[in-house]
Amino acid sequence: SKCMLKSNLFCVMKLFGKKMRYLIAYATENFEICIKDIVDFNVNPVVIKAHKDIITEIKFHKIGNEDMISSCSYDNFFKLWKTTNWENYLSINFGSWVTSMTLLNDKFKLGQQYICLCGGFNANYPVKIYDIEGQLSGEVKIKEGFTSNSIYNFHDELNQRSYLFVSCENEKGSAILMFD
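The sequence shown lines up with residues 2 to 181 when you count with the working numbering.
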């Protein structure tokens, strides 16, 4: 399949390894993820058959010592892929549309990482927090009558605290919620 940048959904990452690489990853209209080297054009693109519905988000991450790419989709799945061989490392069925994710780095306490997912087709669908193995660790209820659509984790280095920001909306407007 051809990889042409037709999507406004993409991310760029600098990978360190045997050789430094700069990659761009973007969603195709066939629910695939296409990864291209943006410096060395002689490298063939990698195409991952990722999802069965629209991909809503793609991000690069450092998890432990591994570089990984994640994807969220309307097919209810969050997926995590290893960049060393592009194999699927983890799939989580969120139970509804997944619109956004963030990694919670609990570096101020135990140094653990968690996957935080938001979305949901219906109002009041909770933000869900999973451990790095994909086990549900907790839920965060959002504002009554709202649907969450994006999520962000912020580390306050000075005060050694982490905050979770959730963007949500309903028919009357939008709100940004903050949790600590």
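Quick reminder that beta carbons are idealized off the backbone N, C-alpha and C, glycines included.
Just the Cα atoms here: how many angstroms apart are residue 39 and residue 20? In the sequence shown, counting from the first residue as 1, residue 39 sits at position 38. In the sequence shown, counting from the first residue as 1, residue 20 sits at position 19. So the alpha carbons of these two residues sit roughly 14 Å apart.
Using DSSP with H/G/I as helix, E/B as strand and the rest coil, what is residue 42? Taking the sequence shown and counting its residues from 1, the one referred to as residue 42 is at position 41. Here residue 42 sits in coil by DSSP.
Outcome for residue 5 when other beta-carbon atoms lying within 10 angstroms are tallied against a minimum of 16: Mapped onto the sequence shown, residue 5 falls at position 4. Since pLDDT at residue 5 reaches only 39, below the 50 mark, its modelled position is unreliable, and no value is offered.
Whole-angstrom distance between residue 81 and residue 166, CA atom to CA atom: As a first step, residue 166 is located in the sequence shown; it is residue number 165 there, counting from the start. As a first step, residue 81 is located in the sequence shown; it is residue number 80 there, counting from the start. Cα atoms of residue 166 and residue 81: separation of roughly 22 Å, rounded to the nearest angstrom.
Is the beta carbon of residue 116 closer than 8 Å to that of residue 131? Taking the sequence shown and counting its residues from 1, the one referred to as residue 131 is at position 130. Taking the sequence shown and counting its residues from 1, the one referred to as residue 116 is at position 115. Their beta carbons are under 8 Å apart, which means residue 131 touches residue 116 by this criterion.
List the residues that DSSP assigns as beta-bridge partners of residue 62. For this step, residue 62 is matched to residue 61 along the sequence shown. Bridge partners of residue 62: 69.
Look at residue 77 and residue 97 and say whether their C-beta atoms are less than 8 Å apart. Looking up residue 77 in the sequence shown gives position 76. Looking up residue 97 in the sequence shown gives position 96. Yes, the pair counts as a contact, with Cβ atoms nearer than the cut-off.
Whole-angstrom C-beta distance between residue 125 and residue 145, which should lie under 8 Å: Start at 1 with the first residue of the sequence shown, and residue 145 comes out as number 144. Start at 1 with the first residue of the sequence shown, and residue 125 comes out as number 124. The beta-carbon distance between residue 145 and residue 125, rounded to whole angstroms, is 7 Å. This is short enough to meet the 8 Å contact definition.
DSSP state of residue 147, grouped into three classes? Position 146 of the sequence shown, counting from 1, holds the residue named residue 147. Correct three-state label for residue 147: coil.
Relative to the C-alpha of residue 155, which residue among 134, 180, 172 is closest? Locating residue 155 in the sequence shown gives position 154, where the first residue counts as 1. When each option's Cα is compared against that of residue 155, the closest is 180.
Give me the DSSP bridge partner(s) of residue 102. Translated into the one-based positions of the sequence shown, residue 102 becomes position 101. 118, per the DSSP bridge assignment.
Compare the C-alpha of residue 163 against each of 113, 119, 137 and name the closest. As a position in the sequence shown, residue 163 is number 162, starting the count at 1. For residue 163, the nearest C-alpha among the options comes from 113.
Which residue marks the beginning of the beta strand (DSSP E) containing residue 50, and which one marks its end? On the sequence shown, position 49 is the one that residue 50 refers to. Segment: none, residue 50 is in no beta strand (DSSP E) and carries neither H nor E.
Where does residue 74 fall in DSSP's three states? For this step, residue 74 is matched to residue 73 along the sequence shown. Of the three classes helix, strand and coil, the one that applies to residue 74 here is strand, per DSSP.
Short of 6 Å in beta carbon distance, which residues of its chain neighbour residue 52, apart from the five on each side in sequence? Order them along the chain. Mapped onto the sequence shown, residue 52 falls at position 51. For residue 52, where only same-chain residues beyond five positions count, the Cβ hits under 6 Å are 32, 74, 76.
Measuring only the C-alpha atoms, how far is residue 56 from residue 99? Start at 1 with the first residue of the sequence shown, and residue 56 comes out as number 55. Start at 1 with the first residue of the sequence shown, and residue 99 comes out as number 98. Their Cα atoms are separated by approximately 9 Å.
Just to confirm before moving on: does the CB-CB distance between residue 13 and residue 25 stay below 8 Å? Translated into positions along the sequence shown, residue 13 becomes position 12. Translated into positions along the sequence shown, residue 25 becomes position 24. A contact, by the Cβ cut-off of 8 Å.
Is the distance from the Cβ of residue 91 to the Cβ of residue 135 below 8 Å? Position 90 of the sequence shown, counted from the start, is the residue given in the question as residue 91. Position 134 of the sequence shown, counted from the start, is the residue given in the question as residue 135. In this structure, residue 135 lies closer than 8 Å to residue 91 by Cβ.
Which word fits residue 54, buried or exposed, when buried means at least 16 other C-beta atoms lie within 10 angstroms of its C-beta? Taking the sequence shown and counting its residues from 1, one reaches residue 54 at position 53. Looking at its Cβ environment, which holds fewer than 16 other Cβ atoms inside 10 Å, residue 54 is exposed.
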